[in-house]
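K.L.:
This is the structure, below, for whatever I ask next.
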Amino acid sequence: MSNWCSDTIWPAVDSQGGTGPENTGFELASGENQTEYVSSDWQGRVWGRTNCTFSGHGGGVACTTGDCGGIEACQGPGAPPATLAEFTLNGGQQQTFYDLSLVDGYNLPMAIVMMPNGHSSLESIDQSTSNPSCVASIGNLAAPNFNPYTNNQQFLGTTAHNASPSKTTKPPPPSPNDGNVDRPAFDPCYSACAKYNEEKYCCTGSFDDRGKCTANYYADAAKSVCPDAYSYAYDDQDSTFVQPTGAGFQIIFCPGGRSTTIIASKGTSAIEHGDDGGSSDGQDDDDGSSGNAAAPRLLTGWTSVPVQLLGVALLVVAFF
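With UniProt numbering applied, the sequence shown corresponds to residues 1 to 320, in that order.
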């Protein structure tokens, strides 16, 4: 795990199956690296926490986003909002499923890079089809001599309440001039489910059905900013990546560039490689080991323009 952000972050790991990494949460200063390992059947998620101050006794809230009970070594899922990298290393039919998720909201830009680990079946995969990226923080979108505010409060052709609905921002900023002035682009933000915990947003209860639970206003906004990321519970067909088992993964915080549009551009419900296809019905997990070897290709085939990297964090998760 490598932090290329301009600030310290606190990566966290929650395991839902298999054997997770030795360290489930730790401080990672800008420019530092750390390696973690998991079992071949591991399932879980990784996220980054921001602005943390730990008391040593736990309890309360220690981090502005992604907090997990006020302790550094997490013992469960983090509090929203948090951008997630989710993995199921052995999802059946010798396949691994992974995705970026905004179902719990958004706090940091993130990308996943598949690492072949010497497997011939993975070496032949075009990395432009395997590495999703979600970049929705304006501090990491700046291209040289590029002004995203081309039309007053319009940011890249949208307004803040479209990219991050104003009612779900954390915390909601006061609206200038008694609400007559649009807010600028703002993050982090909750998902509608995390904010309101209603069945229609969370796809639970009477809405626990693909035909009944459809994209809400937050999901539509999230999808427009990060097309390859999960935006709500039944968004798996447009958000899940499938590879043969055996890969390692590099999780990158603040990768720069722009969000990818891999699945939409390929015209398929999920990017699948291998002999059996398979569906991505939801087991997401995150594999937690990384190395200090030369960095793999990060931007090959991404939908991006030359950018000025204003702060990057890298969490390398490699499976052996």
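From the three backbone atoms N, C-alpha and C, an ideal C-beta is built for every residue, glycine too.
Source: prediction; values computed, not measured.
#1: With three or more beta-carbon pairs closer than 8 angstroms as the criterion, would you say the segment 200-207 touches the segment 114-132?
#2: Assuming Asp220 is part of the alpha helix (DSSP H), what are its boundary residues?
#3: Can the beta-carbon of Pro11 be found closer than 8 angstroms to that of Val46?
#4: Output the residue ranges of the alpha helix (DSSP H) runs that lie fully inside the segment 62-106 and measure 4 residues or longer, sorted by chain position.
#5: Tell me the DSSP secondary structure of Gln34 in three-state form.
#6: Leaving aside the five residues before and after Ala194 along the sequence, list all residues of the same chain whose C-beta is less than 6 angstroms from its C-beta, in chain order.
#7: Which word fits Ser2, buried or exposed, when buried means at least 16 other C-beta atoms lie within 10 angstroms of its C-beta?
#8: In angstroms, rounded to a whole number, what distance separates the CA positions of Ala233 and Tyr217?
#9: Is Val135 near Gln250, with beta carbons less than 8 angstroms apart?
#10: To the nearest whole angstrom, what separates the beta carbons of Gln237 and Gln95, a pair I think is in contact under 8 angstroms?
#11: With a 10 Å radius around its C-beta and 16 neighbouring C-beta atoms as the bar for buried, classify Phe320 as buried or exposed.
#12: Is the beta carbon of Gln34 closer than 8 angstroms to that of Phe26?
#13: Drop a sphere of 10 angstroms on the beta-carbon of Phe61, count the other beta-carbons inside from all chains shown, and report buried for 16 or more, exposed for fewer.
#14: Going by other Cβ atoms of all chains shown within 10 Å of its Cβ, with 16 needed for buried, is Asp285 buried or exposed?
#15: Can you tell which of Asp235, Pro188 and Asn197 has the C-alpha that lies nearest to the C-alpha of Asp209?
#16: Tell me, which residues are paired with Val113 by DSSP?
P.N.:
Taking the structure as given:
#1: Too few Cβ pairs lie closer than 8 angstroms, so no.
#2: Tyr217 to Val225
#3: yes
#4: none
#5: coil
#6: Pro80, Asp104 and Gly105
#7: buried
#8: So the two alpha carbons sit approximately 14 angstroms from each other.
#9: no
#10: Contact flag wrong, Cβ pair sits at about 16 angstroms.
#11: Residue confidence for Phe320 is low, a pLDDT of 35 falling below 50, so the modelled location carries little weight; the figure read from the coordinates is stated next. Under a 10 Å Cβ-count criterion, Phe320 is classified as exposed, with fewer than 16 other Cβ atoms of the shown protein chains found around its own Cβ.
#12: yes
#13: A small fix is needed here, since residue 61 is Val in this sequence, not Phe. Counting Cβ neighbours within 10 Å, Val61 comes out exposed, since fewer than 16 surround it.
#14: Model confidence at Asp285 stands at a pLDDT of 36, short of 50, so the residue's coordinates are unreliable; what they give is reported in the following sentence. When all chains shown are included, Asp285 counts as buried.
#15: Asp235
#16: Gln250
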